[in-house]
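Worksheet: one structure, shown below.
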Amino acid sequence: MRSGCLALMAAVGLWAASGCSDDAPAPTASSAPTSTSPAATTPEQSATVETPASEGAPAAFRERFALPQCAPITVDQGRVDPAALQDCLLSSDAQREGAEVLVTSNTVEGDPIKTYYRALPGEGLEVFTDATADSFGSEGWRHVRCVDVAAAVENLDSCQEA
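Quick note on numbering: the sequence shown equals residues -16 to -1, 1 to 146 in mature numbering (1 follows the signal peptide of the UniProt record, and there is no 0).
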């Protein structure tokens, strides 16, 4: 509850800081803080698909079809709470229509690693990891497919390279 209040206060702060003039751009959903509360992680009816500016993104990522989006999740370091992923990827809506959630985690050095989890109805889970900003890591992309969505949310070891 507290994180939801903080997110709301931050979003209002962004709106207020954007100015009241007609030429000031309004804040966008991507500029608002993220939340990992269960209510915020269920798929929304949106066809927006984030495509990074990196030309190094694999064709499978750049050409993927749109799925309903869950609220992005940000973690400082370490693993994301599986419950946050489950709320998005194992919901009845996700099982029927699919769902995508972006998880951004930071390395010890503060470099962002973006992981896109995609629940594909009847096809399992597809995961794209963008480590191109990790200056001390692989600095590349990884693409895996997982048959069992529930097991993969807990651990990607059962997944196969795509």
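For every residue, glycine included, the Cβ atom is placed at its ideal position computed from N, Cα and C.
Which term fits residue i, buried or exposed, when burial requires 16 or more other beta carbons within 10 angstroms of its beta carbon?
i	result
serine 75	buried
glutamate 84	buried
phenylalanine 45	buried
proline 52	buried
alanine 146	exposed
Does the distance from the C-beta atom of residue i to that of residue j stay below 9 Å?
i	j	result
valine 137	arginine 126	no
alanine 41	aspartate 118	no
residue 176	alanine 55	As displayed, the chain neither begins before -16 nor continues past 146, which places residue 176 out of reach and without an answer.
Leaving out five residues before and five after residue i in sequence, what residues of the same chain have Cβ atoms less than 8 Å from its Cβ?
i	result
glutamine 61	Ser89, Asn90, Thr91, Val92
leucine 140	Val111, Val128, Cys130
Report all residues from its chain with a CB closer than 6 Å to the CB of residue i; omit the five preceding and five following residues, and keep chain order.
i	result
valine 131	Gly108
cysteine 72	Thr25, Cys54, Ala83, Val85
Pick helix, strand or coil for residue i, following the three-state DSSP scheme.
i	result
valine 133	helix
alanine 67	helix
alanine 146	coil
alanine 95	Per the sequence shown, the amino acid found at residue 95 is aspartate instead of alanine. Coil, per DSSP.
aspartate 60	coil
residue 216	No answer is possible for residue 216: the residues shown for the chain start at -16 and end at 146.
Give every residue of the same chain whose Cβ lies closer than 7 Å to the Cβ of residue i, excluding the five residues on either side of it in the sequence, and list them in chain order.
i	result
glycine 124	Ala115, Thr116
glutamine 79	Pro105
aspartate 95	Ala117, Asp118, Ser119
Does any heavy atom of the ligand NAP sit closer than 8 Å to the C-beta of residue i?
i	result
glutamate 93	With respect to small molecules bound, the structure shown includes none, and the ligand NAP cannot be examined in it.
Using a Cβ-Cβ distance cut-off of 9 Å, determine whether residue i contacts chain D.
i	result
aspartate 71	Note that chain D does not occur in the displayed structure, where there is just one protein chain.
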